[in-house]
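Top to bottom, those sequences are chains B and L.
Numbering follows the working numbering, in which position 7 of the first sequence is assigned residue number -3; successive positions increment by one, without gaps.
Numbering follows the working numbering, in which position 206 of the second sequence is assigned residue number 196; successive positions increment by one, without gaps.
Yeah, the Cβ is synthetic: ideal placement off N, Cα and C, and Gly gets one too.
These numbers come from a predicted model, not from an experiment.
2 protein chains.
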Amino acid sequence: MKNITIYDIAKEADVSVTTVSRVLNGTAPVKASTKEAVLRVIEKHKFQPNALARSLIKKETGTIAMIVPDITNPFFPEVFWGSENEAREKGYTFFLCNSAGEYGRESEYLSILREKRVEGIIFVGGRINLANCPPELVQEVVDTAKGIPVVLVNGHLAKSQLHRVYTDEAAGAALAAQHVIDLGHREIAFIGGMEELTTTIQKVKAVKRKLEEHGLGLRKDRLLFGEFSITAGRELMAKLLEQADRPTAVICVNDFTAIGAIKAATERGLRIPDDISIVGFDDSPLSTAVIPELTTVTQNTNELGKLAVERIYQINNGLPAKRSTVLQPKLVVRQSTGRAPGMA
Amino acid sequence: MKNITIYDIAKEADVSVTTVSRVLNGTAPVKASTKEAVLRVIEKHKFQPNALARSLIKKETGTIAMIVPDITNPFFPEVFWGSENEAREKGYTFFLCNSAGEYGRESEYLSILREKRVEGIIFVGGRINLANCPPELVQEVVDTAKGIPVVLVNGHLAKSQLHRVYTDEAAGAALAAQHVIDLGHREIAFIGGMEELTTTIQKVKAVKRKLEEHGLGLRKDRLLFGEFSITAGRELMAKLLEQADRPTAVICVNDFTAIGAIKAATERGLRIPDDISIVGFDDSPLSTAVIPELTTVTQNTNELGKLAVERIYQINNGLPAKRSTVLQPKLVVRQSTGRAPGMA
C-alpha cells in the first residue's frame, strides 16, 4: 500500500494543496470542474486523507475520550455504550481510558489526552467522586477544561463550574428505603461503597433521612462500608448475618454488592425475600441474571453517556450547553424484596 | 492556558526547532549546554509537546486500538484489561472501539484507525470469528495490516497470514465434555452460539468427537444454537427442558449462556447439580457470582490481551514476533456440575 499524500493528489490534479484541502474539508468554495478533477484523482487512488495532517489543519481530531475507573464493572460499559452510539452519530470516534481508580493514572491520561488534543473528555468515577478531592487534582481537571470540553458523569468537583450530567443518587436511595419501609421492614441495613466517596455518602444520607421520617434509625453496626465489588458485598453481608439480631432488609450501594449479598445470604440458608430482602442500585444487565432477580434502582445509564457526548458537541459547536443536567432514577421491583418476616 | 508551541520554545532558547525536537525526542545528540537551556525553557513554560505534531515528525502516535463486538460481555473487558496494562507498560495508550458485532462498523473503525495511523490494531470477535468470512472483509483487514500491525485474538482469517493469539477452544470444550462424561453423564446437550461462528463450530465439533470416543452421540435436538447472551441461554435451556427426555448435563458456549441456563433450570424447580449439570466457558468474574458457582473453562483472558500487545510491540520494533500463539485452557470445577442422577 503506497502512502499517497495530499501532495501527490495536488500534483496529479494540477492544483494547489490548499485546493485539495478545501475539497476534502469543504472549508471554502472550489470551482465545480476543479472539484471534480480532484475527486477523480482521490477516487482513483482510493486516497484516505491522513487524519493527523487533516486535524492539524482543522485543529481538531474528531475524538472523544472517556476515563472510567473499572471497565469490568458493567455500569461503566453501559455508560460507554450510550456515549459511543451518540458519538458515532455526531461523527466522533471514541477513546476509552481505564484508570483502575488510580488518581495517578487519571493524571497520566489527562496529560496524554491534552497532548492528543481530543475534542472532549468524559470523566466518570475516580477523583470526581471524592467528597474531598485534593485541590491539585481538581485544578488539573479545571486546567484541562480550559482547552478541552470536560463533562463529569455522576460526579462533581467543588467550585469547578464544570459541565455535569448525573443521576440524583440520593433520590434513588430514598426510593429504595421507602420501598422496604412500605413492605413493613423496620430492621434495615446499608452496605457497600467507600466512605469517602460522594456516591456512598449521598446514598447513606438519603437512607438515614428516609428512615428518620418514619421514626426509624440506621444503626451503626448496620452501616458497613467496603468496595463496590461482588466480593465486598459477600463479605459485608456475611458480617451482618453474624450479628445476633440481623436486619430484615439490606440496601446495597450497587448491584455488584447486592449480588454478593444474595450469595452470602443464600449460602447461609436464608431465603430471599422470605427471610431477608435485598435491594441493589444501577439496574445493570446482571440484575435479571441472578436468582432471585434483583429489585434495584435504574439510573438510565445509556442516557447519561449520551447526554455527556451531546454536551461536548454543543460546547464544540458554540451551541447553548446546559451546565448541569440531573436525571431522576426509578425503582424497579423484582424478586429480591418482599414483605417483612411476620407481616401478613 | 496559553498554547506554547515548539516554535516559542525554540525562539526563547535561541535554537532551531530541529534542536528542540531532538531534545524532546532524543533522535540525535545535542550539546549538553544547549540541551540544558532548552529543558530550562520547557520546564519554565510547563511545555507539553503537541502529540499530533510530534507524531508527524516521528511518524507514530503511540496508540493501539482494540475492536471488540460487545463491551458489555465481560469477556471483552477482561481481554481489554490485559491489553491495557501491557500497553501502558510499553508506553502505548489505548483506543477502544465497540463494533456491536456489525461488520459495517468494523469497516468504519478500520478506516478511521488507518487514518489516525494508530500503531497497532487488536481485533477480537466479529468477522474474524466467521467460518466463511466474505473475501472483501478479509481483504480489508489484510490491506490494513500492510500499514499497521494487526493481531487477531481468538479468531482467524483464512489465508491471511495475520498474527494470531488464541485459546485452543476445541481443547477447552473437550475438557468440559470429558468432565461430565467422567461424572457418569450420558445424556449430554450443547447450547448457545451462532452456527456460522468458528468459536461455536470448534466447540461443537470437539464435544461431538469426545462423546463419540465414549460411544455416545450428540443428538440433533440437543444441539441448540443462539446468541451468546444470558437471555439466549435462558431460552435455549427452556427449550431443552420442554423435551420429554431431558439431558442430565448441558455444555454451554460461554458463561453468559450458562448463567441463563441455570436461571431457566432453577425457575423450573430443578436442582443444580443434583438434577442437571451445567458447564460454562470463559471463567468470567460472574462465574463465581451465581448460585451455584459455575464449573467452567478458563482461557486466560488477561493473558490473551497482554500477548496481543506484546506482538504489536515486537513488530513495531523489528523484534522477532511469533506468527501464531496458542494458549491452553483449563477446566475449573465448581458447584454447577455433579454426578449424573442415579449414579452412586
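Quick one: is valine 280/L near chain B, going by C-beta distance under 8 Å?
yes
Integer-rounded CB distance, given that leucine 187/B should sit under 8 Å from leucine 120/B
6 Å
Sorted by chain position, which residues of the same chain lie with C-beta nearer than 6 Å to valine 10/L's C-beta, five sequence neighbours on each side aside?
Ile(-4), Ile(-1), Ala0 and Val28
Closest by CA to leucine 226/B, which one among Gly216/B, Glu76/B, Ala234/B and Asp235/B?
Gly216/B
Members of the region 78 to 97 of chain L near chain B, C-beta cut-off 9 Å
Arg78, Thr83, Phe84, Phe85, Leu86, Cys87, Asn88, Ala90 and Arg95
Of all the options Thr157/L, Arg176/L and Arg224/L, which has the alpha carbon lying nearest to the alpha carbon of glutamine 192/L?
Thr157/L
Arginine 104/L and threonine 134/L: beta carbons closer than 8 Å?
yes
Would isoleucine 414/B and valine 114/B be called neighbours here (beta carbons separated by less than 8 Å)?
There is no way to answer for residue 414/B, as the model of chain B reaches only from -9 to 334.
Please state whether the Cβ-Cβ distance between glycine 223/L and alanine 196/L is less than 8 Å.
no
Taking the alpha-carbon positions, what's the glycine 137/B to asparagine 306/B distance?
11 Å
Is the CB of lysine 253/B under 8 Å away from at least one CB in chain L?
yes
Threonine 256/B touches chain L at which residues, Cβ-Cβ below 8 Å?
Ile281
So, at 6 Å on beta carbons, what are the nonlocal neighbours of arginine 329/B in its own chain, with the 5 sequence-adjacent residues on each side left out?
Leu173 and Gly174
In chain L, which residues lie less than 8 Å from proline 67/B when you measure between Cβ atoms?
Ile61, Thr62 and Pro67
Which stretch, first to last residue, makes up the alpha helix (DSSP H) that contains threonine 62/B?
That residue, threonine 62/B, is in no alpha helix (DSSP H); it is neither H nor E in DSSP.
Since aspartate 245/L contacts serine 274/L with CB under 8 Å, what's their CB separation in whole angstroms?
5 Å
Would you list the residues sitting across from valine 299/B in a DSSP beta bridge?
In the DSSP output, where bridge partners are listed per residue, valine 299/B has none listed.
Valine 28/L lies in the alpha helix (DSSP H); which residues open and close that run?
22 to 34
Which same chain residues end up closer than 6 Å to serine 219/L when comparing Cβ atoms and leaving out the 5 residues on each side of it in sequence?
Phe246
State buried or exposed for histidine 35/B, treating a residue as buried only when at least 16 other CB atoms are found within 10 Å of its CB.
exposed
Segments assigned beta strand (DSSP E), at least 3 residues, entirely inside the region 104 to 138 of chain L:
110 to 114
Rounding to the nearest angstrom, what Cα-Cα distance links threonine 278/L and proline 310/B in this structure?
47 Å
When Ala239/B, Tyr93/B, Gly182/B and Ser97/B are compared against proline 331/B, the one with the closest alpha-carbon:
Ala239/B
Got a sec: is the Cβ-Cβ distance from isoleucine 249/B to anything in chain L below 8 Å?
yes
To the nearest angstrom, how far is it from the Cα of alanine 3/B to the Cα of valine 31/B?
6 Å
Considering only their Cβ atoms, is the gap separating isoleucine 112/B from alanine 298/B smaller than 8 Å?
yes
So glutamate 74/B contacts chain D; which residues on that side make the cut at Cβ distance below 7 Å?
No chain D appears in this structure, whose protein chains are B and L.
For the alpha helix (DSSP H) that contains isoleucine 281/L, what are its first and last residues?
Run containing isoleucine 281/L: none; DSSP gives neither H nor E here.
DSSP beta-bridge partners for arginine 154/B?
Leu142/B and Ser314/B
Neighbourhood of histidine 146/L by C-beta distance below 6 Å, restricted to the same chain and skipping five residues each side:
none
Serine 326/B burial status per 10 Å Cβ neighbour count (16 or more: buried):
buried
Cβ shell of leucine 321/L (< 7 Å), same chain only, five flanking positions each side left out
Leu165, Ala166, His169 and Val287
Does the separation of the CB atoms of isoleucine 252/L and isoleucine 262/L fall below 8 Å?
yes
Is arginine 313/L closer than 8 Å to histidine 153/L when the C-beta atoms are compared?
yes
For the putative contact between leucine 201/L and leucine 208/L, defined by C-beta atoms under 8 Å, what is the C-beta separation to the nearest angstrom?
6 Å
Please confirm whether serine 101/L has its beta-carbon closer than 8 Å to some beta-carbon of chain B.
yes
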